[in-house]
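Report on the following structure.
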Amino acid sequence: MSGQKTVESTWRGGLCCDVDMGGFSVTVDEPPSVGGTDLGPEPTSVLLASVASCFTVAIAFCARKRSVELTDLKVSVTGVYDGPKYASITISSQLGCDPSQIDGIIRAAERVCYVTNTLKTAPDIHIKSTPIAPGAA
């Protein structure tokens with residue numbers, strides 16, 4: 000995969016927004032305990048969901064490439080908070096396949112998972128802001 004990808008978030012008021020991802024949309028909100036309305040998952044849960052879903056897909060992809068039949072696959076991701084960031088993220092996976100194949104599949108998945116590879120290498124983040132003219136929204 001090459002090039003770039005853009006997603007767009009539109010504020011709905013309060014601490015809630017809708018995120019458009021190329022034809023798919025998800026509402027993201029904060030829980031009432033921090034002033035949100037709980038209309039969707041919180042942003043930090045979405046980050047963990049990105050890790051879990053990408054690693055799940057990477058495992059399935061690598062198993063298929065190795066002609067290993069998966070009968071079941073579960074991935075759990077846990078983040079440990081440290082101030083306004085995660086200090087650590089742990090990925091736990093359970094694979095329904097020949098146990099002798101698991102280590103190889105996991106190592107291959109680590110190499111191809113875009114989300115975990117991005118988090119491991121701390122990308123440059125550039126923040127740009129421009130005003131919206133009144134009535135333009």
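Quick note on numbering: the sequence shown equals residues 0 to 136 in numbering that gives the first Met the number 0.
The beta carbon of each residue, even a glycine, is placed where N, CA and C say it ideally should be.
Counterpart residues of residue i in DSSP-defined beta bridges
i	result
Asp19	Glu7, Ser24
Rounded C-alpha distance that separates residue i from residue j
i	j	result
Thr5	Asp17	14 Å
Ala135	Val25	23 Å
Thr117	Ser128	24 Å
Leu38	Arg106	37 Å
Phe54	Ala108	7 Å
Nonlocal neighbours in the same chain, by C-beta distance under 7 Å from residue i, ignoring five residues either side
i	result
Arg11	Asp17
Start and end residues, alpha helix (DSSP H) containing residue i
i	result
Thr55	42–64
Proximity winner among the options, relative to residue i (alpha-carbon distances)
i	options	result
Glu7	Gly22, Val76, Ala86	Gly22
Gly13	Val50, Val111, Glu29, Pro40	Glu29
Thr70	Pro40, Ile101, Asp19, Asp37	Ile101
Leu72	Val45, Ser92, Ile88	Ser92
Residues of its chain near residue i, where Cβ-Cβ distance is below 8 Å and the 5 sequence neighbours each way are ignored
i	result
Ile104	Ile58, Cys61, Ala62, Arg65, Val67, Leu94, Cys96
Contacts around residue i, its chain only, beta-carbon distance under 6 Å, and the 5 residues preceding and following it disregarded
i	result
Leu47	Val76, Gly78
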